[in-house]
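Those letters in the sequence shown? Residues 619 to 1076, per the working numbering, in order. Think of the CB as a built atom: it goes at the ideal place given N, C-alpha and C, for glycine as much as any other residue. To start, the structure under review is shown below, and the notes come after it.
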Amino acid sequence: MSGKEKKKLAPKGDVEDLAMTPNERILKNITELYSSGLSSGDVKVGLKNIADDPLVGVRCNTPRKKVSCMIIGNHSAGKSSFLNWYIDETIQRTGVAIETRGFSFLTSGRKRETLKGDATLAYFDHLAEIKKFEGINENVFTEVSTSKEKNFTCVDFIDSPGLVDGDMQYPFDVSSCIVWLADYVDIILVFFDPIGQALCKRTVQVIKRLNESHAEKMQYYMTKADQVETETDRQRVLIQITQNLHPHIKNSHAFSLPTIYLPNEESSAMGIPNSIEEVCEDIDKAIRMTVQKNLSALKTDCGSILEALDKRMAQDTTDKAANFKKRIYGTLLTLTGWTVLLFVLLLILCQVAESKVVQTALTAVAKQLKNPELAGQITGWLSWMKIEDTQLLYYCVGGLIFMYLVILVIGKVMWRLTPVLTKKELSKIQDYRKYVKGIGKIRDQMYADYFKQLNNDA
């Protein structure tokens, strides 16, 4: 991550990038910045890896590179038919029978594939906890399509089981599963069939539960509008659905229920209103909002990492200053302890200065130094400090030894230094700061690309 190294996005196929929509490219690049990061020669570090480094310790979640859209409704409401139309491929089974009894995920990929149970939950690993619902594991499927229609490459669809009342038995708690999945999706499309059980009790109860926490994600549509013979009948059905839903919907004053149907020449010729493009626009809007949200998350995470690095550097400076003071105090206490210990030894020596052993030693030293009076002078100095009272002597020696032990303990506490950053860690932090700032510049460029796209669309 040296200054001379050129920063660029992680390697990817140029042809593949050119085929992407601007939003798809931005979402993909943001995900790559978190997973593999900037490419600097052979070095790759994702923003997530930096955040997880003990030197940083910031909680950071990798944004998903696709929007999640869940479709709910009664059976035969046209959920699967809409998905087939949206991707321009017959991949979901349709019919008046209850075809979808499990959750069917629909995602874009390079190769046509079908995933079941465990494979689906491994692919969508952020949904792995759904296994807590008994019976769900065997009833989740994923269809991977190569379609590039509309904005399918930016969307993961969840086709939910058709909701019915009566004796219909699901192999899992379908209502609770839908409500649980709502936490992880960006938009919820609610389809009502004007001919079937549009207002079945189970559907209404699910809508009520979803409105408690996810009202802002929900969009409502009456499907198969071309199968209602007259405009009067269509209005009657719309009024009936609206009246039944009104008590269970938050912000009901802003409630709308457009009519949609799969485009066909006959119905179009009859002038039947069709808002199916509005559904596509709602999905496109969710994609644009996700792009903005992910760009904002990238800015927030970069800011949090830089703040954490700055705090770590500031804390290291504080710890080093505190350690310097501790070293000074520790040295002074050590010298004081040695002084007390020497004084104890001197006091003991004074008490035995006139003993035969000490006098013999002093005389020998005096002869070596050719100073016969030295032994007497030293004995006089030592005798001056001699304590005649034995009890007082014990008190003095004991007090000095106790003082030495106290100083020793305090000294050990003082010498407990706070760990500081090594030169290698300091260098790593500086590299991280420079690196994250580089990601910030790329984010600014992605925002410019996003605004450019909006201007072009306009």
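Could you tell me the alpha carbon to alpha carbon distance between residue i and residue j, rounded to whole angstroms?
i: I825; j: C818; result: 11 angstroms
i: L964; j: A979; result: 16 angstroms
i: T850; j: I857; result: 11 angstroms
i: I1060; j: I1028; result: 54 angstroms
i: E991; j: R1034; result: 50 angstroms
i: V714; j: G691; result: Because the pLDDT of V714 is 46, which lies under 50, any placement of that residue in the model is unreliable, and the number read from its coordinates should be weighed accordingly. The alpha-carbon atoms of V714 and G691 are separated by roughly 13 angstroms.
i: L953; j: T1036; result: 22 angstroms
i: M1032; j: V1015; result: 26 angstroms
i: G727; j: R854; result: 42 angstroms
i: L828; j: S699; result: 24 angstroms
i: F775; j: P672; result: 37 angstroms
i: N1073; j: I901; result: 20 angstroms
i: L745; j: T935; result: 43 angstroms
i: I890; j: N882; result: 11 angstroms
i: D1049; j: Y1068; result: 29 angstroms
i: R820; j: K903; result: 29 angstroms
i: D844; j: E650; result: 44 angstroms
i: K697; j: S874; result: 19 angstroms
i: Y1013; j: V1038; result: 44 angstroms
i: Q1071; j: M638; result: 13 angstroms
i: G1056; j: L656; result: 8 angstroms
i: K1042; j: K938; result: 16 angstroms
i: A800; j: S654; result: 29 angstroms
i: S1045; j: F742; result: 37 angstroms
i: M738; j: I705; result: First, the residue type needs correcting, since residue 738 is Thr and not Met in the sequence shown. Taking the straight line from one Cα to the other gives about 20 angstroms.
i: V674; j: Q933; result: 12 angstroms
i: P876; j: W703; result: 18 angstroms
i: M1064; j: G1058; result: 10 angstroms
i: P779; j: R719; result: 5 angstroms
i: R930; j: W798; result: 39 angstroms
i: I859; j: R852; result: 11 angstroms
i: E747; j: Y947; result: 55 angstroms
i: E623; j: T764; result: Confidence at E623 is low in this model, with a pLDDT of 44, below 50, so its placement is unreliable and no value can be given for it.
i: A669; j: G1017; result: 55 angstroms
i: E752; j: F723; result: 19 angstroms
i: K1030; j: T1008; result: 33 angstroms
Quick one: measure Cβ to Cβ for residue i and residue j, integer angstroms, because I've assumed they're closer than 8 angstroms.
i: Q681; j: N912; result: Note on identity: in this sequence residue 681 is Pro, with Gln being the wrong assignment. Contact flag correct, Cβ pair sits at about 4 angstroms.
i: V803; j: M907; result: The pair is not a contact, with the Cβ atoms about 13 angstroms apart (cut-off 8 angstroms).
i: V909; j: I644; result: 5 angstroms
i: K749; j: N755; result: 5 angstroms
i: V958; j: I1025; result: 7 angstroms
i: C968; j: K1004; result: 5 angstroms
Using a threshold of 8 angstroms, state whether the C-beta atoms of residue i and residue j are closer than that.
i: Y1093; j: V897; result: In the structure as shown, the chain starts at 619 and stops at 1076, and residue 1093 therefore has no counterpart that could be examined.
i: L880; j: D777; result: no
i: H693; j: L781; result: yes
i: G762; j: T708; result: A small correction: the amino acid at residue 762 is Val; Gly does not occupy that position in the sequence shown. Going by C-beta atoms, V762 is not nearer than 8 angstroms to T708.
i: V773; j: I923; result: no
i: I606; j: N769; result: Coverage of the chain is limited to positions 619 through 1076, which leaves residue 606 absent and any answer about it impossible.
i: E642; j: T760; result: no
i: I878; j: N892; result: yes
i: K842; j: P812; result: yes
i: I805; j: V663; result: no
i: A695; j: F810; result: yes
i: R1051; j: L951; result: no
i: G955; j: Y1022; result: yes
i: D919; j: L665; result: yes
i: Q823; j: S793; result: yes
Going by DSSP, which residues form a beta bridge with residue i?
i: F723; result: T760 and I776
i: V663; result: L656
i: T877; result: M840
i: V808; result: I690 and Y838
i: L733; result: T760
i: V685; result: V773
i: L781; result: N692
Exercise. Do the stretch 725-733 and the stretch 780-798 touch if we need at least three Cβ pairs shorter than 8 angstroms?
Worked result: no
Problem set entry | Three or more C-beta pairs below 8 angstroms linking the stretch 860-870 and the stretch 833-845 | yes
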